[in-house]
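In our numbering, the protein residues as written are 19 to 378.
Idealized CB from N, CA, C, for every residue including glycine.
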Ligand SMILES: *[C@@H]1O[C@H](CO)[C@@H](O)[C@H](O)[C@H]1NC(C)=O
Ligand SMILES: *[C@@H]1O[C@H](CO)[C@@H](O)[C@H](O)[C@H]1NC(C)=O
Ligand SMILES: *[C@@H]1O[C@H](CO)[C@@H](O)[C@H](O)[C@H]1NC(C)=O
């Protein structure tokens, strides 16, 4: 009787052993299974895997190549080389708080795979043993966020995170129809139309530290609505509240309408001013820029040129969205308020005559 039961028992045991392994497959359906790299010894009884980054945050410019540092080592060092799997994943800053971590790249030995918008733009630096730093090229506005460097050796799994920020400028944006016309997705779109992206809270906060003061509330990338106040006053949250970035919390993304805070980073090319003795209407302005081989600058390009290259011009000019603005780095009489900034004349009728800011 025992002899009859044995095969059955063995089958049950096999099933029990198979189930958990099978359950893992979907999570690693990219060909890099944990069992590939179980080094098959009692190694970790004595040894620890350490993963470190010397820099918790890295700041870079748009279009450049950036390295997010990450290293691992064993303590004590193993006598024979270990087979490790490296995984970089990230939580985008502009995920609107909805998306979780997604994969950037996975590497094992000489095999590696990159994903989504990172395909073909990322590699591991591997400048020395244990160097698993991530190199990202042609950096985009929407690459900012928290990156996780994860090293997996059999049963040990250690990780560290590195924050990627872009150098740039935050600017408020409102509709030609006046304030508070954008739901969340419209806000995202208008920033993109200006060559920019919705600002993250960190970007708005550092703009506030640099003196940004704006009394209209705008959407941020995480789906919250906030506004930065450096000089408390009536009508802007009152004088009883300390200076700071004030929050309306997380309103309904479709039903509630506000302005937008956009973030623009450095640009290739130049923003410059053109004029004509009698001024240009909006049509003529576009023609003037294209005669020069350029086009009318976006609001994002004008802000980036003001902030990052010190563009200073006390002449109002057309921009691509039909607004009229001018950039002041050195405040002076008859050029607006006594602090630096991009001044706006709003959206005048297209027949009015001004200069134009071109981008080439
Ligand atoms: C990020 O920006 C690039 C262009 O710079 C665009 O093609 C891509 O779709 C954007 N990705 C997301 C998730 O918005
Ligand atoms: C959000 O705004 C966009 C653009 O104005 C509009 O097309 C869309 O219908 C709005 N969504 C809702 C739910 O109001
Ligand atoms: C701008 O002026 C030109 C004449 O130089 C005219 O043909 C055109 O209609 C004007 N455009 C606008 C928007 O007023």
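Note down the Cα distance separating residue 101 from residue 119, rounded to an integer number of angstroms.
25 Å
Where does residue 360 fall in DSSP's three states?
strand
Using alpha carbons as the reference points, say which of 155, 166, 126 and 214 lies closest to residue 78.
155
Beta carbon of residue 203: closer than 8 Å to some heavy atom of ligand 2?
yes
I want to check one thing, is the minimum distance from the CB of residue 200 to the heavy atoms of ligand 2 below 8 Å?
yes
Proximity test, residue 350 beta-carbon vs ligand 3 heavy atom, cut-off 8 Å:
no
Three-state class that DSSP yields for residue 135 in the structure shown:
helix
Ends of the beta strand (DSSP E) at residue 264?
262-265
Can you check the stretch 90-175 for any beta strand (DSSP E) of at least 3 residues that lies completely inside it and give the ranges in chain order?
103-110, 120-126, 129-132, 140-142, 152-154 and 163-171
Buried or exposed by the 16-neighbour rule on C-beta atoms within 10 Å, applied to residue 105
buried
Give me the DSSP bridge partner(s) of residue 290.
376
Pull the bridge partners of residue 278 from the DSSP assignment, please.
191 and 237
Let's see if you can read the secondary structure: which residues bound the beta strand (DSSP E) around residue 199?
No beta strand (DSSP E) contains residue 199, which DSSP labels as neither H nor E.
Run through DSSP, which three-state label would residue 308 get?
helix
For ligand 2, any of its heavy atoms closer than 8 Å to the Cβ of residue 207?
yes
Under 8 Å: do the stretch 301-317 and the stretch 250-257 share three or more Cβ pairs, one atom per stretch?
no
Using the rule of at least 16 other Cβ atoms within 10 Å of the residue's Cβ for burial, across every protein chain shown, is residue 221 buried or exposed?
buried
Between the stretch 345-352 and the stretch 308-317, are three or more C-beta pairs nearer than 8 Å?
no
Decide yes or no for the touch test of the stretch 370-377 against the stretch 288-300: beta carbon pairs closer than 8 Å, at least 3 of them.
yes
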